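Contents: one structure, followed by commentary.
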Amino acid sequence: MRLASIDVGTNTLRLLIADVEGGKIKPVLRDREITGLGRSMKEEGSLSDGEIEGSLRVLARFREKMTSAGVERYFAAGTQALREAKNSKEFLRRAEKEAGVRIRVIAPGFEASLTALGISSTLPDELTRDALYVDIGGGSTEFIHNGRRVEYVSTPVGVVYLTSLFPLSDPPEEWELLNLRLFVRERLERACGNFRRRKVKRIVGTAGTYTTLAALKKKMKRYDPEMINGTVMSRNEIEKLQKKLLSLTSRERLHLPGMEAGREVLIVPGVVIATEAMDLVGVGETVVSDGSLLEGALLYVSRDFHKGVKV
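The sequence shown begins at 141 in my numbering and counts up one residue at a time.
And the structure:
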């Protein structure tokens, strides 16, 4: 059956259209765009008009692509920004009326379960066994342990949130980075202390920060999910990338092979979270997963067809 999933994130909107048979996902089409939907959340507590309009245009494009591709059903998930925004209901109403996309705002626990399902479906067991999944989003970061049952902790430390809270010089000054790092460290320690006592061999990282780091490592001129998925990065490799990124201006970062437009500022808090997470858990490598919420949502609908929305 041909299904689609949409991730309405705090920073990025993503679409995956795929044929799903017997629990196997065969991608047909992918689309994504950084709209910064939750960019104004820290100051205003609401989604701004500009980000709403831009996101609605992207959702309308997604709808057209689903129709053209013959999608039977889809699942559109709203995450942190839509859980918190004062005008979330208005955005949801307009998304359905103007863009033709019905969005379901999902709870953090359900988001963690779908993310874990998506990661596990795209990486071999030897990479996910004894791993801690880390999902660095725009509004929050999730730590997920996929054992006999999915355990998770969500902390409101995301790249969009941190960019708003810590406006940095370009390139950032040492004292600014120290303040950012201490804040991230304190929040992560508070959030995932229990996971430090578990037997964790590696981190499996998903979302834009990690996929960008993998793309930078491979100097990719065009993003290829298959080349990204399963990329192993040592602590030393990430540290070297971090030093380079922090020494450049945002414009200089944008010209690096593998840097996605719109990610050149957000990668700074992102790589800080990534390095602090590794140090906190005490692991020497991170495996990058291109699979996450989108793949998990597809499998969720494929197992219970009526959970999806008819196109």
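C-beta: ideal position from N, C-alpha, C; glycine also. Since we're looking at a predicted model, the values are computed, not measured.
If you draw a straight line from the C-alpha of residue i to the C-alpha of residue j, how long is it?
| i | j | result |
| --- | --- | --- |
| Thr303 | Leu396 | 20 Å |
| Ala331 | Ala354 | 26 Å |
| Met141 | Asp159 | 5 Å |
| Thr415 | Ser442 | 36 Å |
| Val148 | Glu230 | 15 Å |
| Lys205 | Ile146 | 12 Å |
| Pro248 | Gly218 | 10 Å |
| Ile276 | Val427 | 14 Å |
| Leu386 | Glu266 | 33 Å |
| Asp444 | Thr281 | 28 Å |
| Gly431 | Pro264 | 12 Å |
| Lys358 | Ser253 | 30 Å |
| Ser186 | Gly422 | 37 Å |
| Arg393 | Tyr440 | 37 Å |
From the options, pick the residue whose C-alpha is nearest to that of residue i; which is it?
| i | options | result |
| --- | --- | --- |
| Leu143 | Glu212, Glu204, Arg172, Thr175 | Glu212 |
| Ile343 | Arg362, Asn286, Leu381 | Asn286 |
| Glu313 | Ser253, Lys383, Tyr301 | Lys383 |
| Ser180 | Glu173, Arg172, Asp189 | Asp189 |
| Gly250 | Glu191, Val449, Gly436, Val297 | Sequence inspection shows Phe at residue 250; the Gly mentioned does not correspond to that position. Checking every option, the nearest Cα to that of Phe250 belongs to Gly436. |
| Leu433 | Gly348, Leu394, Ala417, Thr352 | Gly348 |
| Ser374 | Glu236, Val198, Met418 | Met418 |
| Gly424 | Asn376, Ile407, Lys447, Ser390 | Asn376 |
| Gly410 | Tyr301, Leu438, Glu366 | Tyr301 |
| Ile407 | Val297, Thr352, Lys447 | Thr352 |
Given a cut-off of 8 Å on the beta-carbon distance, is the pair residue i and residue j in contact?
| i | j | result |
| --- | --- | --- |
| Gly278 | Val299 | yes |
| Met122 | Gly402 | Residue 122 cannot be examined here, being either before or after the span of the chain that is shown, 141 to 451. |
| Val412 | Leu320 | yes |
| Phe202 | Leu155 | yes |
| Leu308 | Glu316 | yes |
| Asp270 | Lys339 | yes |
| Arg170 | Leu153 | no |
| Ser429 | Thr346 | yes |
| Ala209 | Val168 | yes |
| Pro238 | Leu177 | According to the sequence displayed, residue 238 carries Glu and not Pro. Taking 8 Å as the Cβ cut-off, Glu238 and Leu177 do not qualify as a contacting pair. |
| Glu379 | Ser390 | no |
| Ala235 | Leu272 | no |
Next on the checklist: Assess contact between the stretch 313-331 and the stretch 253-265, defined as three or more Cβ pairs (one per stretch) separated by less than 8 Å. Is contact present?
Outcome noted: no
Checklist entry - Can you list, in chain order, the stretches of the alpha helix (DSSP H) that have 4 or more residues and sit fully within the stretch 285-368? => result 299-305, 314-332, 348-358, 365-368
Checklist entry - Are there three or more Cβ pairs, one per stretch, closer than 8 Å when the stretch 167-186 is compared with the stretch 224-244? => result yes
Checklist entry - Which parts of the stretch 193-268 are runs of the beta strand (DSSP E), unbroken and 3 residues or longer, counting only runs that do not cross its ends? => result 213-218, 243-245
Checklist entry - Which runs of the alpha helix (DSSP H) fall wholly inside the stretch 370-419 and span at least 4 residues, in chain order? => result 375-387, 390-394
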